[in-house]
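Listed in order, the protein sequences are those of chains D and H.
Count along the first sequence from 1, add 66, and you get the number used in the numbering used here.
Count along the second sequence from 1, add 1419, and you get the number used in the numbering used here.
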Amino acid sequence: MNGPSVNDFVIKVATVNGTGSASANGLLMKTIFRMGVPVVGKNIFPSNIQGLPTWYEIRVTGDGYGGRDGNVHLSVAMNPDTYADDVAELTPGGVLMYDSTWPRPQLTARTDVTVIGVPLSRMCNDAFAVARSRVLMKNMAYVGAAAALLNLDMAVIQALVEEMFASKPRLVPDNMKALALGFDYVSENFECPLPFRVMSMNKTEGKIIIDGNTAAALGCVYGGATFGAWYPITPSTSLMDGFAEYCAKLRVDPETGFNKFCIIQAEDELAAAGLTIGASWNGARAFTPTSGPGISLMSEFIGYAYYAEVPMVLFDIQRVGPSTGMPTRTQQCDIQLCAYASHGDTRHILVFPANPRECFEMAVNALDLAERFQTPVFFMSDIDIGMNDWMVDELTWDDTYIPDRGKVLTAEEVDGLDTFHRYLDVDGDTIPYRTLPGTNPKGSYFLRGSGHNKFGRYTEKGPEYKEVVDRLLAKWKSAAEAVPAPITISARSKARCGIIAVGSSDPAVLEARDRLEASGIPVDYMRVRGFPFSKEVEAFIDAHEQVFVVEQNRDAQLRGLLVAETTAPKEKLVAILHYSGEPLNFRFVYDEIQTAVKVRKIA
Amino acid sequence: MTSFVKPKIRRKQEPVNTLGMVRADYDGTASTLCAGCGHDSVNAALARAFFELSVEPHMAVKVSGIGCSSKSPTYFMSDAHGANTVHGRMPAFATGAVAANSDLTYIGISGDGDSLSIGLGQMAHAIRRNVNMLYMLYNNGVYGLTKGQFSASADIGSVAKKGGANELPPIDPAALALATGATFVARSFSGDREQLIPLIKAGLRHTGFAVIDVISPCVTFNDHKGSTKSYAHTYKYFHPAVHADFVPPSEEIITAYEEGELMPVEMHDGSRIRLRKLDSDYDPRDRAGAFAKVLEGQSKDEILTGLLYINEDLPDMHARKNTGPRPLNQIPYSELNPGAAKLKDLQRSFR
Ligand SMILES: Cc1ncc(C[n+]2csc(CCOP(=O)(O)OP(=O)(O)O)c2C)c(N)n1
Ligand code: SF4
Ligand SMILES: [Mg+2]
């Protein structure tokens, strides 16, 4: 856990929003990835189109850990407004590179870091004529400079630049020229490369770099979703953008030219929920991507879908609340909202993907679960998973997959029945049969959110009402073993403590756990992947004296759910809370648990 | 109160439609609305229209919001699927349902509270999308189900049962529909089945969003003296501008039309609407003219009724979404799965 070393350090690029730095940062990250070295990318961006500070953090991690480090070793400081913060954040021994076109002697106030000035703007102004291209080329120039400092393979960079501009090859020479400006200046004026640098490895084969929203969108395509409705909201928008893009490529009938999908941009989230439920009731696999504010607005319809038993999939890409909160910062702050969304006694099925690969897989799970259990299913992602580029194993698909459409009767099956009753538990498994409009007159029923009995008829009789809602509770409980099962990592020796976490906390917790064990604190770790909690979750808590619940919100929402929904004694569950809005890092988890263990003497 | 299925007892020699079904086959469960409520008459007209059009009940879908009016879907055509959704949100549900299956006939039922207050946004946006459905707005000037508060369609000066006059200007559903781009706009009265039934039939056959604003008095909370949505007031100020006869495709094409008649409007399924001008210079194919006429009616305290506007030429939601004739919910998964090889292929850009 000490200082930076070869293939183990963090680069943080500070730029101004709207200056086109995203592709340069992507280039930097992909170059390292193509050199076979695992990387972690985090985009820390403002809710703004142009002008506010933005950072891109790249962790080079030869060990292959997927979370944030928490330290910064090379700061590429391209935004004078944040120089002070960027210098302050550097780990002792770190390096700051800045644009010395306008020299800043005060940057050298810290004696324990090295400051490297590269006159990027001046060089680009001299080399390029057009104002906008000077700005863009400066981005390429800092990539070139970083390449020299970090020993990046220029051939890999060149190949990537050529791919980047495959449709506009005439732009390649200028970009390569800008890269060379930075590279040459740094090589000529400073000792290169730095002691912490990149050395080719072979650890990224079979891996891809992808964000969770793109992966979830692909999951919707492969899972057979035909209908999506949404109202734009950061950070869920890119999920629908992805779905639209892949549908345009993969879901247009080659013969007729007709679309095998329908996407509707709703007037608000109330409508998005209604659209999804209407389509799903009528037999289309339907979903809606949103974020916390959207879930708040959808709540009435969510209760309707729960009570009337209509499948629906909600992708909640969580962002910092309450209210508008910090719309581009990450949290796991809607756990309780989604678990019990809507008025009255309602409880829902949740799935918790922890990385883009799981986003792909669990999008399909969510579509299956919703139709199997005829109820809303929440896919609990967040900004960190949804919008950041993660290195994960390549996605794979099993072509023998058959969607679980649940108990939907065909016209022939309805014909074979004496009578059809929508909410009758015929099989004794708490899940009734449904029919689709237009199949068979005998199968018609009336969907309502008002009191209904098991035959689907209106009722205000207590016992009849209770019979239905009691079955709903039993149905929900039965989903505990159908949601994705928890994953447990056990310490090599017997551990008295455990950690429970969900979603994007996973990589930081995994790394913290390894390091705790290495420093003599064995801990077991269970990553919960679904709600209702399976029996294993209770057993895990039972088996430990203390369980740290690591989560990204102020109010210990996951811990609250564990207290409410398992027999675990409250005192056993210790909350470790991170809610600044930045993705979790392993040092935070490590430090918190190490301190807690010392204080409680439970190692 | 638990509802029950009304027994179907056939009369001898009862007229049958082309499906061999009788009018009673289009009945629903017994109404629990107040005796004399306008909504019951509209529901009877709906059942009649579906019967006369020979729509197979299970090929129709009835959806509604919340309110006395929104209870209606259970009171006719029991063999059709139906959904009572949440207050003001039927348009979204309906739009999703229509998107999933273009093969069915969709009817939405809403009230003036459901549509013009809580659901104003959704109604406007469903209109804008030209969703292929008939939207019935049962307009009684009040919230019946919550016991008589003024709704947004109440006229200035209309007096509440408990006293007190409405001061806010009304939202006229027909003007709203015209402004937001509806392709079929009509107004009628629950007390005039002769006018209402052909309008319903035409609205059902229209490709795109059809709105019928039906004045449908609430006998319990808004049928007193001083109310502008009472039976008495509506009869008095009722002003039919144009009469629409609905001619199904099977009937012979009539080449000569009567004096005062306009060109027939061709519908996509081959049926046609024969329009009879009751006013001198009214042409319901002219949107600007219709708008002017509706506003003029308002200023004269006239309840302008009939088929106020029709446009068969604009693409409906399905056409705009290019979803083709096959319903989305009938595409087999084998045609939706791009396949493992494709997935491998497209991931090359992620490396
Ligand atoms: C979210 C919500 N708010 C309020 C209500 C109460 N509510 C039920 S019906 C209704 C008004 C219905 O008026 P209208 O649509 O005109 O129907 P009518 O009863 O007059 O036919 C109201 C306010 C509700 N059901 N849901
Ligand atoms: S309260 Fe009014 S609207 Fe409701 S059923 Fe009675 S008469 Fe009809
Ligand atoms: Mg009303």
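Built from N, CA and C at the ideal position, the CB exists for glycine as well.
Note that the structure is a prediction, hence the values are computed from the model and not measured.
Query raised in the report: Does ligand 3 have even one heavy atom less than 6 Å from the beta-carbon of H:D1559?
Result: As written in the sequence, residue 1559 of chain H is Asn, which differs from the Asp given in the question. It does: the Cβ of H:N1559 is within 6 Å (strictly closer) of some heavy atom of ligand 3.
Report task. List the residues of chain H that D:Y370 touches, going by C-beta distances under 8 Å, in chain order. Result -> T1504 and V1505
Query raised in the report: Going along chain H, which residues have a C-beta under 8 Å from D:Y288?
Result: N1756, P1757 and L1762
Report task. With DSSP as the reference, label H:A1584 as helix, strand or coil. Result -> strand
Query - Residues bridged to H:P1659 [DSSP beta-bridge criterion] - result: H:T1724
Report task. Taking H:S1718 as part of the alpha helix (DSSP H), name the residues at either end of that continuous run. Result -> R1706 to S1718
Query raised in the report: Identify the residues that DSSP records as bridge partners of D:W456: which are they?
Result: D:I276
Query raised in the report: Sorted by chain position, which residues of the same chain lie with C-beta nearer than 6 Å to H:R1467's C-beta, five sequence neighbours on each side aside?
Result: I1616
Query raised in the report: Helix or strand or just coil, what does DSSP make of H:M1736?
Result: helix
Query raised in the report: Under 6 Å from any heavy atom of ligand 1, does the C-beta of D:L140 make it?
Result: no
**Report entry** Residues with C-beta closer than 5 Å to any heavy atom of ligand 2, in chain order
**Finding:** H:L1452, H:C1453, H:C1456, H:C1487, H:G1563, H:C1637, H:V1638 and H:T1639
Query raised in the report: How long is the line joining the alpha carbons of D:T662 and D:D590, rounded to whole angstroms?
Result: The identity of residue 662 of chain D in the sequence shown is Ala, whereas the question assumes Thr. The straight-line gap from Cα to Cα measures roughly 15 Å.
Query raised in the report: Where DSSP assigns a beta bridge to D:W617, which residues make up the other side?
Result: In the sequence as presented, Trp is not what sits at residue 617 of chain D; that position holds Glu. Answer is D:L643, bridged to D:E617.
Report task. Taking D:P469 as the query, report the chain H residues whose CB atoms sit under 8 Å from its CB, ordered along the chain. Result -> Y1752
Report task. Excluding the 5 residues preceding and the 5 following D:V318 in the sequence, name in chain order all residues of the same chain whose CB lies nearer than 8 Å to its CB. Result -> F324, N325 and K326
Report task. Assign H:V1461 to one of three DSSP states: helix, strand, or coil. Result -> helix
Query raised in the report: For H:S1491, which option in H:V1474, H:F1469 and H:S1460 has the closest C-alpha, if you only look at C-alpha atoms?
Result: H:S1460
Query raised in the report: In or out: D:K78 buried (at least 16 other Cβ within 10 Å) or exposed?
Result: buried
Requested in this report: State yes or no: is the C-beta of H:G1530 nearer than 6 Å to some heavy atom of ligand 1?
Outcome: yes
Report task. Would you check if there are 3 or more beta carbon pairs closer than 8 Å linking the stretch 597–617 of chain D to the stretch 543–558 of chain D? Result -> yes
Query raised in the report: Starting from D:P158 and walking both ways along the beta strand (DSSP E), at which residues does that stretch end?
Result: L156 to D165
Query - Burial state of H:D1700 (16 or more Cβ within 10 Å) - result: exposed
Requested in this report: Buried or exposed for D:V665, please, with buried defined as at least 16 other CB atoms from any protein chain shown within 10 angstroms of its CB.
Outcome: exposed
Query raised in the report: For the stretch 1468–1489 of chain H, which residues have a beta carbon sitting closer than 7 Å to at least one beta carbon of chain D?
Result: P1476, H1477, M1478 and V1480
Query raised in the report: Just to confirm, are D:F353 and D:G294 a CB contact at a threshold of 7 Å?
Result: yes
Query raised in the report: For H:G1530, which beta-bridge partners are listed by DSSP?
Result: H:Y1557
Query raised in the report: Would you say D:D465 faces chain B, with C-beta separation under 7 Å as the test?
Result: Absent here is chain B; the protein component of the structure consists of chains D and H.
Report task. Return the chain-ordered list of same chain residues with a C-beta closer than 6 Å to the C-beta of D:I449, the five sequence neighbours on each side being excluded. Result -> P301, R385 and T396
**Report entry** Cα-Cα separation, D:S556 to D:A567
**Finding:** 14 Å
Requested in this report: Select from the stretch 449–462 of chain D all residues with a C-beta closer than 8 Å to any C-beta belonging to chain H, and list them in chain order.
Outcome: E460, L461 and T462
Query raised in the report: How far does the alpha helix (DSSP H) with H:F1640 in it reach, from first residue to last?
Result: Element bounds for H:F1640: n/a, residue is neither H nor E.
Query raised in the report: Can we say the stretch 617–624 of chain D touches the stretch 399–407 of chain D, given the rule of at least three CB pairs closer than 8 Å?
Result: yes
**Report entry** CB contact flag (D:I118, D:S141, <7 Å)
**Finding:** What sits at residue 118 of chain D in the sequence shown is Leu, not Ile. Contact: no.
Query raised in the report: Using the C-alpha atoms, what's the distance from H:M1686 back to H:I1672?
Result: Reliability of the predicted coordinates at H:I1672 is poor, the pLDDT of 49 falling under 50, and the value obtained from them is presented with this limitation in mind. If I take the Cα positions, the gap works out to 13 Å.
Report task. Can you give me the Cβ contacts of D:P503 inside the same chain, cut-off strictly under 7 Å, excluding the 5 residues immediately before and after it? Result -> N348
Query raised in the report: Could you give the C-beta distance for H:H1458 and D:P507, rounded to a whole number, given that I count them as a contact under 8 Å?
Result: Going by Cβ atoms, the distance from H:H1458 to D:P507 rounds to 25 Å, so no, they are not a contact pair.
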